[in-house]
Structures are given as C-alpha cells and as structure tokens.
Amino acid sequence: APEEYAAAVAAAVRRMRDGEFDKVVLARTLELTAAHEPDLPAMLNRLARRDPAGYTFALPGGGGRTLVGASPELLVARRGALLTANPLAG
9 APEEYAAAVA
19 AAVRRMRDGE
29 FDKVVLARTL
39 ELTAAHEPDL
49 PAMLNRLARR
59 DPAGYTFALP
69 GGGGRTLVGA
79 SPELLVARRG
89 ALLTANPLAG
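Under our numbering, think of the first position of the sequence shown as 9, with each following residue one higher.
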C-alpha cells in the first residue's frame, strides 16, 4: 500500500540520519493475474516512456510468470554472448 511504502521511506531516512547505514534500496511489489496474455513489449514501452533514463526489463520465470520492471540503474545487460552485471546497490 502507498502508506506502507511512505512509512518505509521515512524510516529509512531516519535510520540513515542516525548513522545506521549509508545507502538503502527500497522496492515495491505488485503481483497481477491477467485474464489474457499480457503484451510485454507494450508494457515495457509504457515503463520506458514514464522514465526515459531508466532501464526496463522482462525476465521469464517458471509457471508462466514474467518479472517486469524498471530500475534507475543498469543491473544486468546481455549483448550477444556478452553478459555484464553492474550491482551498484551491493
């Protein structure tokens, strides 16, 4: 819920001010069940339009599931046989 996420952000800011840690990565989860097969390219295009500087992804998982998202940081990239990982958040 938005209120829970806002509370998590406020708690993280407070704990950073208190010196508990220097960096925090908060995430939100949303799990949906579609009535029909989703149009993944259209979903990725919408995400990219919302944040043109971000990186979008769709990773197939088991059981017909797909992880779809966007990140301000490049996490993993594949170009042909070359795989690059850039885990900045640690």
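All C-beta atoms in this analysis are idealised placements derived from N, C-alpha and C, irrespective of residue type, glycine included.
Query	Result
Beta carbon of Leu55 nearer than 9 Å to that of Leu67	no
Of the listed residues Leu82, Ala15 and Leu38, nearest to Thr64 (C-alpha basis)	Leu82
Residue of Ala19, Arg73 and Gly77 minimising C-alpha distance to Ala50	Gly77
Alpha-carbon to alpha-carbon, Ala93 and Arg57	24 Å
Proximity winner among Thr41, Ala89 and Pro80, relative to Gly71 (alpha-carbon distances)	Thr41
Helix, strand or coil at Pro68 [DSSP, three-state]	strand
Residues sharing a beta bridge with Thr74, DSSP	Pro68
Distance, Ala85 Cα to Pro95 Cα	11 Å
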